[in-house]
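Sequential numbering of the sequence shown, starting at 31, is according to this note's numbering.
Down below is the structure, laid out as structure tokens.
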Amino acid sequence: MTDRGATVGWFVLKILSYNLRRHAAVAELVDMVEQYPVDALCLQEGDGVRMPAEIGDLQLAAATFKSELGLAIYYRPDRFTALDSHAFTLHKAMHDRVLLPGIERLLTTRLVDLQSGQDVQLASFHASPLSATNLLRRRQIAQAHLHLTELAGDDVPTVMTGDFNYPLLRSKLIKEVEKSGYSLSLSDGPTYYYSKSVAYHFDFATSKGMDVQLVETLPKGLSDHRPILITAEVLNRPARHEAAETQDADTDPHNPVFDGVE
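Have a look at this one:
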């Protein structure tokens, strides 16, 4: 958390992150965003081909399509204009090399608030599964943060959320995240239950230029993961933009920009 006594925030953003369990939980998203009104969705394990163009009042900014373990980002168009989206592969675990070559594990979208002109950058992230090592996942997270900085610089407030697959031994992860200039925020309850008595945090958020005030674990739905609801306050003042021009083919939500894909 940021020291609120040191810097006063001014701009609140609500983001819901959810691992859909190979698209199984997509059916409950409309009811979920009605029950928990949010500004954006960051989704993992969705089939990009079957992701709806709209979920309630939210509009698809970008999705990935190379497997049913795809990523997607939705946003509220009456509040934001979506500028550009980028998808990236990251360091590959053996699982990826054998079963999922080319899978993108990071999807980003840059938004501009229509009223204030404030930029924000959102990212949906899905680390390699537990068959990989924590070291490999730390490298993926560090690489993801580097991509985010290269895309938006150090001044654009950023939230990266998703399934980090990192339930234990997080002291080295916290150091790696802080080294990248980010903060790590866990939710107020576990997000993955092996049994009624054994549960862990798999889904959380990293952020920069934001005061993450609260991360709530929501009730279990159709997925094996529980969704998390992030309330974050932007700390930077606006970098005003001219009125966004009509979205062109390169920013079509069904054709996200894949610049930088490895």
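Think of the CB as a built atom: it goes at the ideal place given N, C-alpha and C, for glycine as much as any other residue.
Tell me whether R34 is buried or exposed, calling it buried when 16 or more other Cβ atoms sit within 10 Å of its Cβ.
Here R34 scores only 36 on pLDDT, less than 50, and its place in the model should not be relied on; the value that follows carries that caveat. R34 comes out exposed.
Excluding five sequence neighbours on each side, which residues of the same chain lie with their C-beta closer than 8 Å to the C-beta of D289?
Because the pLDDT at D289 is just 34, under 50, the model does not fix this residue reliably, and the value given afterwards should be weighed accordingly. Closer than 8 Å at the Cβ level, and outside the excluded window around D289, lie H116.
Is I204 buried or exposed, if buried means 16 or more other CB atoms sit within 10 Å of its CB?
Burial call: exposed.
Assess contact between the region 133 to 152 and the region 79 to 88, defined as three or more Cβ pairs (one per stretch) separated by less than 8 Å. Is contact present?
With a cut-off of 8 Å, the region 79 to 88 and the region 133 to 152 do not count as touching, because too few Cβ pairs lie within range.
So, at 6 Å on beta carbons, what are the nonlocal neighbours of I171 in its own chain, with the 5 sequence-adjacent residues on each side left out?
Same-chain partners within the cutoff: there are none.
Quick one: is R168 buried, meaning 16 or more other Cβ sit within 10 Å of its Cβ, or exposed?
Buried: at least 16 other Cβ atoms inside 10 Å.
Go to A174, then tell me how far its alpha helix (DSSP H) extends in each direction, as first and last residue.
Run containing A174: N164 to A182, per the alpha helix (DSSP H) assignment.
Kindly indicate which three-state DSSP category P283 falls into: helix, strand or coil?
Here the model assigns P283 a pLDDT of 41, short of 50, so the residue's position is not dependable and the matter cannot be decided.
R51 and H255 look like a contact to me (Cβ under 8 Å); what is the Cβ gap, rounded to whole Å?
With a Cβ gap of about 7 Å, R51 and H255 count as contacting.
Just how far apart, CA to CA, sit T261 and G192?
About 15 Å.
For a quick check, are the C-beta atoms of L165 and F110 less than 8 Å apart?
In this structure, F110 does not lie closer than 8 Å to L165 by Cβ.
How many Å lie between G78 and A162 at the Cα?
Whole-angstrom Cα-Cα distance: 25 Å.
Could you tell me the boundaries of the beta strand (DSSP E) in which I260 lies?
It spans I258 to V264 - the beta strand (DSSP E) in which I260 sits, taken as one unbroken run.
How far does the alpha helix (DSSP H) with V63 in it extend, from its first residue to its last?
Looking at the DSSP string, the run of the alpha helix (DSSP H) that includes V63 is L59 to Q65.
For the structure I just gave you, are there three or more beta carbon pairs, one from the region 218 to 228 and one from the region 176 to 185, closer than 8 Å?
No, the region 218 to 228 is not in contact with the region 176 to 185.
Can you tell me the Cβ-Cβ gap for H156 and R127, rounded? I've got them flagged as a contact below 8 Å.
Contact flag wrong, Cβ pair sits at about 16 Å.
Given this structure, state the Cα-to-Cα distance separating L113 from S227, to the nearest angstrom.
The straight-line gap from Cα to Cα measures roughly 44 Å.
Tell me the DSSP secondary structure of S201 in three-state form.
The answer is helix: DSSP assigns S201 an H, G or I state.
Between K202 and A54, what straight-line distance do the alpha-carbon atoms span, to the nearest angstrom?
Taking the straight line joining both Cα atoms gives about 33 Å.
Can you list the beta strand (DSSP E) stretches of 3 or more residues lying completely in the region 59 to 112, in chain order?
Whole beta strand (DSSP E) segments, 3+ residues: 70 to 76, 88 to 93 and 100 to 105.
May I have the straight-line CA-CA distance separating Q65 from L248, to the nearest angstrom?
Those two C-alpha atoms are separated by around 11 Å.
Since N49 and D233 should fall inside the 8 Å C-beta cutoff, what is the C-beta to C-beta distance between them, to a whole number of angstroms?
That belief holds up - the Cβ atoms of N49 and D233 are roughly 6 Å apart, short of 8 Å.
Answer with buried or exposed for L176, where buried requires no fewer than 16 other C-beta atoms within 10 angstroms of its C-beta.
The residue is exposed, with fewer than 16 neighbouring Cβ atoms inside 10 Å.
First and last residue of the alpha helix (DSSP H) that includes L248?
Per DSSP, L248 belongs to no alpha helix (DSSP H) and is neither H nor E.
What number of angstroms, rounded off, separates the C-alpha of G239 from the C-alpha of P257?
Cα to Cα, the separation comes out at about 23 Å.
Please report the distance separating the alpha-carbon of M62 from that of V150.
Distance between the alpha carbons of M62 and V150 is about 23 Å.
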